[in-house]
Every structure is written in structure tokens, then in C-alpha cells.
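Below: the structure, in C-alpha cells.
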Amino acid sequence: MLFSQYDKYLDQVSAIEWLRDPAVASMLRQNLYHHDGEKYHLHAYCIMPNHVHVVLTPSPKFIEDSSRSSHAVGEAFDKGSPLSRIMHSLKSYTANEANKLLERSGRFWQPESYDHWIRDEEEMERIVSYICSNPIAANLASKPEDWPWCSCHDRFQLDGDTSGWLPAS
């Protein structure tokens, strides 16, 4: 309940909307897809002007490789969960690239993120539906597949499916 109230607040009020820039949103989408099938399986995502929703499952290979090695390639070692290592990688790379595109410096992402373990298929369906409808709730699109920075749009372009679910890579 608190998360949905906070999300509504984010959709209505923000002084910083760096992700509204198409070049930044495109770079972020490309990076999400870059690691799909390697570090994780990307189920769904939605890039809003000032925040991002991502539904992913860490890949078994990434979990296994991370547990055997003290350093993941190109990343600082993190004793945290596979999810924390994935988020560190995504946030580090995209922050540097976004700052270049926006000709700025400094912190880009908030240091924390809202992580949630999805416990069953019903909850997964509800969450994917929720994030794909986020652009509608924020009055950015009339249909989920109309928002260009969302898995629902990508899936619709691929095969006409409007569920927002991305096919396995």
C-alpha cells in the first residue's frame, strides 16, 4: 500500500526527470536488454520520467559464478545478494552514461532501491500489470503499449501481445 502511494506521488511531483530524455531512456533500455540472459532474465520493465520499474530473475549461472569468484567482471566485489550485484552493475553503468548524455556530473540514482521478492505467479501477473499501467496512471499514455519505454511496448512491437511480458532470451 505504501509503495503504490509513493509511486503515485512520484508520477505527480518531480523536479528531476532525466529519464524523460529519449537518449537517456533508450540507453537505459539497451542496458537492461544487454544483460538479459546473462546476469538475469528480464521479465518486464517500465522507464518513467523519474523512476524505473524492473522485474527480473537472477540467472542461475550468474548466481553460481558470483559465489565462486571474488570479483564479477568489471564490477567491484559485493558480498550482498545477486540482486544487489545486478543493481550495482546497472546503476553504475547507466549513471555514468546518462551523465555523459546530459552533460552533467554527480549522483544520478538514489543509493537505495525498492526490492520485492515475487512469491508466486499471481503476484507476478499483478506486478507486471501494475508497472505496465504506470504510464497511464501518470497520464503519459492512453494504453500501456503506447509508452515507448516499457516492455509492454516492446512486446507489442514484437508480436502484438499487450501483456508486457518479455519472451525468454
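Numbering-wise, the sequence shown is residues 1 to 169 according to full-length UniProt numbering. We put the CB at the ideal spot given by N, CA and C, even for glycine. Computed from a predicted structure; not experimentally measured.
In three-state terms, what does DSSP make of residue i?
i	result
Y93	helix
Y40	strand
H53	strand
I47	strand
H71	Reliability of the predicted coordinates at H71 is poor, the pLDDT of 46 falling under 50, and the value obtained from them is presented with this limitation in mind. Here H71 sits in coil by DSSP.
Excluding five sequence neighbours on each side, which residues of the same chain lie with their C-beta closer than 8 Å to the C-beta of residue i?
i	result
N99	S105, G106, F108
S142	I136
Cβ of residue i within 8 Å of Cβ of residue j?
i	j	result
P135	W147	yes
H35	T57	no
N50	E97	no
N139	Y93	no
I47	A25	yes
Measuring only the C-alpha atoms, how far is residue i from residue j?
i	j	result
F156	R119	26 Å
H88	K61	18 Å
I86	I63	10 Å
S81	Y40	13 Å
L102	A137	27 Å
E125	A15	32 Å
L28	Q110	16 Å
Taking its Cβ as the centre, do 16 or more other Cβ atoms sit within 10 Å of residue i, making it buried, or is it exposed?
i	result
P167	exposed
Y45	buried
G160	exposed
Can you find a C-beta in chain D that's less than 8 Å from the C-beta of residue i?
i	result
L140	Among the protein chains of the structure shown there is no chain D, as only one such chain exists.
Near residue i, what residues of its chain come up, given a Cβ to Cβ distance below 6 Å and the 5 sequence neighbours on each side ignored?
i	result
G74	Confidence at G74 is low in this model, with a pLDDT of 42, below 50, so the placement of that residue is unreliable and no value is reported for it.
V54	Y45
A95	F108, W109
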